[in-house]
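Structure first, commentary second.
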Amino acid sequence: MNPVKALETHGQAVWLDFLARGFVARGELAKLIDADGVKGVTSNPAIFEKAIGSSDEYDASVARALRQGDRPVADLFEAVAVEDIQNAADVLRPVYDATDGGDGYVSLEVSPYLANDAKGTIAEAKRLWKDVGRRNLMVKVPATGEGLPAIEALIAEGISINVTLLFSQEVYRAVAEAYLAGLERLVAKGGDPSRVASVASFFVSRIDTSVDKELDEKIARANDPSEKGRLAALKGKVAIANAKMAYQDYKNLFAGARWEKLAVKGAKPQRLLWASTGTKNKDYSDVLYVEELIGPNTINTVPPPTLDAFRDHGKLRDSLEENVEDARRVLEELERSGISLEAITAELVVDGVKLFADAADKLYGAVAHKRATVLSGGIDSQKLALADGLGKAVAKSTEEWRAAARIRRLWQKDKSIWTGDDENKWLGWLDSPAKADIADYEDFARRVQGQKFTDAVVLGMGGSSLGPEVLAETFPPKAGFPKLHVLDSTDPAQVRSMEKTVNIAKTLFIVSSKSGGTTEPNAMKDYFYDRVAKAIGKDKAGHRFIAVTDPGSSLEKTAHKQGFARVFFGEPTIGGRYSVLSPFGLVPAAAAGIDVRALVTNALAMVRSCGADVPPHENPGVQLGLAMGLAGLQGRDKVTIFSSKKVADFGAWAEQLIAESTGKEGKGLIPIDGETIGEPSVYGDDRFFIDLRTEGEIDAAHDDKLEALEAAGHPVVRIVMQSIDHLGQEFFRFELATAVAGAMLGINPFNQPDVESAKIKTRELTSAFEKTGKLPAETPVVSSAEADLYTDEQNAAEIRRAGGNGDLNSWIRAHLSRSNSGDYVALLAYIERDGAHIAALQDMRLKVRDARHLATCAEFGPRFLHSTGQTYKGGPDNGVFLQITADENKDLKVPGQKASFGVIKAAQARGDFDVLTERGRRALRVHLKGDLAAGLKALDAAIAAALN
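What follows is the structure, given as structure tokens:
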């Protein structure tokens, strides 16, 4: 008779420790049931990983599931796994019926990530039980400290449980107690215990592997031959002895009055299931852990090779109750040898959880890869070309992040990923796309459309303005909706220009400020509210205004007082620079008629690609963040962003995100936006390049230069968007990447400690103006017909030593001469941000880059104060700053305030500069006199002369 099938005559059931789709579909499981009497199937993450990751037989199932809608990787795996479990359960159902529910089970494990989470385990087990919908399912729950109460609770709910990762007799007794207590709870509330089953999966071979290792170490140290022999005699014996003693416990636990009270109601005993029965030591018989553990009312779950081996040469005998006293003596001898079985089994539980978690990582990585392949047309691509040193560092950190479960912990809002400060309070952006009230945004869009507005203007700064600006610059105006504009400046000419651009009487103003107390949006709101009131009447003016702010802010109070049409509330746990996929970005998008549903839906595809269940090696946000952070630590801290024509403004948003998040405590990444691509010769070895474009945008000259940069050893990241509709994907990718980069740099990426310093200086200056009617006097270090130059004593002395004398050219030359390899030069212009001025600064910066091979920044104030200003003041001291101010051609009053826009801007410039010099930065301020265009030409000429 077939030895496998004959096991049933000894009271032992054989279950198969294997499952795969084709195996069931081809009828191979059914054949084993008929030929070998197989009575059940067990699965685990490692089994599924091998089945899914090493074949294409799941590709169609994954694609079919995704056609019903995209979903997180864990949910996608579950959909596939549930189908497998259902199919196997259906094949085994006749066994279940024939044995009255004694056998015929298929086991599906709760996520190993929940091994130490009782509530999470209970919730997932209930869901799996419901989703599979088969009476002959067993949900696998590990015998951890948190698993035990979960086991009791689930049994009490009438759910059949396979208790896994069981190694010690003591824990087995606790598992049996949890089962009994659960049954008692079930009966107490009128449940039927006959419909519940449980097995206790007692692991075997792993014990011998660990014990034998310690025995070998002791044998090697022993000098007495008899002691060596005594120790050697224990090898390969402990696991079986341990199992035999557990079986003795089983007989005692499921006997007596307590058990009989349950048994008469139909309860089934919780049988011992011998697990990990494949032999790992080649010196032992390949059927050792089957032949030595045969006994009534037990189960042996075997992998296919062990099943084949036992069928071929297995020997049958009732071995489980043989030599029980010898088994007891083996355990006593082990203890006498100084080897703690208790310690070994405790460690094996920890290792087992880790091994299953590692397998789950591989499994989810395989599923993530298949998802990305199926959705390749729906997810923007990312390719990292990293030189060996950086590439190896990223690979090493990728494994460290996986082993430490850091991406899961990040999603769990574990602040220890960063500095342990208050990072957990600022992670609302992780789920803001999923929480977006799309129907409300669509209703708002219809209302805006019905008002026949010609324009919509966002009045905000930093995170409140830069995200909406990307949307305004990327998406074309939509018929029937207002054209979206953004004003983020106190420059009088820029405010006046916006006023001339729009039809005041038909414009919707979106006042956007998290705190409600930011100077610039309040001044801009006061100005345009006054203009609207004069145009349509004060009683109607509020109807033209929308507020986006955090609950309880001063802006909310103002909005109610002035009768704003609506107040949208932001999420207080989202910082401004991470807020574009929250109301701060979605309200302007809806107002402009941008398809918010498509924007958010596409963003969610990237959220899922970067999810907690996507291991670091398949997680695009983690990969980009690790590369950025590690590049920065290796000295490549100038993150240079090239954005193609269709998404040209994206870099300005990313610039703020990266700079304000990472630039602090003397550390950080310096984002470089707006530099056109050059030949490799104009760059130092401090660059990290990111190239962003939409599919179909072809620029052969640009591509040739990008390839040349890669060939020269520079790290290059290429991101290709499917279309501008995927902008939300890139917002989220960069948010997660920046958070990961912050962790690598060892900083809190959600605070901005140095932004407030400039605000304090500005308030001091404006307060002085309110009292005296003028800003405090200041004395230039050099004065000429075209410009006055300002700096502190230390900078002035250094510039003079470098050759600065009495004219603009010499001071510019001397100032720029202080820049060194690895530095960057930043032009900070407090002038109107228009096409002519952008071009003028661009020309200057490229002269510096090409001549000095330095990274350059061209910024406009006060806009950059809420963006890159943080890293200029708090980041690494490798910046050389040239601030540009100018005479105000025509100032503009702010209604209700003594300080005009020009005064506010001047105070901001001076406050910013004062903080730079107080921090010891290399800074020089050039105040241009008279005609601004002529002054910029003179400055350009001075820079050109300095570089010759």
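Residues in the sequence shown are numbered consecutively from 1344, following my numbering.
Even for Gly, the Cβ is constructed at its ideal location relative to N, Cα and C.
Note that the structure is a prediction, hence the values are computed from the model and not measured.
Reference residue i, options the options, closest by Cα
| i | options | result |
| --- | --- | --- |
| residue 2189 | 2019, 1467, 2219 | 2019 |
| residue 1622 | 1616, 2204, 2073, 1632 | 1632 |
| residue 2210 | 1708, 2220, 1803 | 1803 |
| residue 1660 | 1645, 1635, 1679, 1640 | 1635 |
| residue 1706 | 2238, 1423, 1649, 2124 | 1423 |
| residue 2278 | 1945, 1826, 2127, 2214 | 2127 |
| residue 2264 | 1944, 2137, 1911 | 2137 |
| residue 2290 | 2162, 2227, 2174 | 2162 |
| residue 2284 | 2154, 1963, 2251 | 2154 |
| residue 2151 | 1684, 1878, 2267 | 2267 |
| residue 2064 | 2086, 2040, 1496, 1773 | 2040 |
| residue 1763 | 1752, 1771, 1773, 2203 | 1752 |
| residue 1645 | 2269, 1385, 2148 | 1385 |
| residue 1387 | 1427, 1795, 1967, 2104 | 1427 |
| residue 1412 | 1487, 1948, 1744, 2258 | 1948 |
| residue 1458 | 1474, 1491, 1436 | 1491 |
Beta-carbon proximity of residue i to residue j, cut-off 8 Å
| i | j | result |
| --- | --- | --- |
| residue 1913 | residue 1857 | yes |
| residue 2192 | residue 2199 | yes |
| residue 1988 | residue 2131 | no |
| residue 2112 | residue 2241 | yes |
| residue 1740 | residue 1973 | yes |
| residue 1805 | residue 1734 | no |
| residue 1468 | residue 1489 | no |
| residue 1503 | residue 1480 | yes |
| residue 2223 | residue 2159 | yes |
| residue 1820 | residue 1361 | no |
| residue 1853 | residue 1931 | yes |
| residue 1849 | residue 1893 | no |
| residue 1816 | residue 1700 | no |
| residue 1583 | residue 1574 | no |
| residue 1890 | residue 1910 | yes |
| residue 1609 | residue 1724 | no |
| residue 1845 | residue 1791 | no |
| residue 1565 | residue 1556 | no |
| residue 2060 | residue 1727 | yes |
| residue 2197 | residue 2168 | yes |
Through-space distance from residue j to residue i, alpha-carbon basis
| i | j | result |
| --- | --- | --- |
| residue 1980 | residue 1702 | 35 Å |
| residue 1983 | residue 2016 | 6 Å |
| residue 1673 | residue 1950 | 54 Å |
| residue 1786 | residue 1941 | 15 Å |
| residue 2239 | residue 1871 | 12 Å |
| residue 2260 | residue 2133 | 11 Å |
| residue 2091 | residue 2215 | 17 Å |
| residue 2146 | residue 1971 | 38 Å |
| residue 1370 | residue 1720 | 36 Å |
| residue 1485 | residue 1507 | 5 Å |
| residue 1417 | residue 1456 | 11 Å |
| residue 1453 | residue 1704 | 14 Å |
| residue 2218 | residue 2141 | 22 Å |
| residue 1568 | residue 1595 | 40 Å |
| residue 2083 | residue 1393 | 30 Å |
| residue 1826 | residue 1935 | 6 Å |
| residue 2293 | residue 1676 | A question about residue 2293 goes unanswered here, because the residues of the chain that appear run from 1344 up to 2291. |
| residue 2094 | residue 2003 | 8 Å |
| residue 1381 | residue 1478 | 18 Å |
Counterpart residues of residue i in DSSP-defined beta bridges
| i | result |
| --- | --- |
| residue 1891 | 1855, 1911 |
| residue 2270 | 2131, 2228 |
| residue 1818 | The partner list for residue 1818 (beta bridge, DSSP) is empty, contrary to what the question assumes. |
| residue 1358 | 1383, 1644 |
| residue 1485 | 1507 |
| residue 2169 | 2200, 2224 |
| residue 1870 | According to DSSP, which records beta bridges pairwise, residue 1870 is partnered with nothing at all. |
message = With a threshold of 8 Å, are at least 3 pairs of Cβ atoms found where one atom belongs to the segment 1997-2013 and the other to the segment 2107-2119?
response = no
- Item | Cβ contact check for the segment 2004-2014 and the segment 2046-2058: 3 or more pairs under 8 Å | no
- Query: Should the segment 2244-2255 be regarded as contacting the segment 1824-1843, the criterion being three or more beta carbon pairs within less than 8 Å?
  - Reply: yes
Segment contact, 8 Å Cβ cut-off, at least three pairs: the segment 1539-1546 with the segment 1511-1530:
yes
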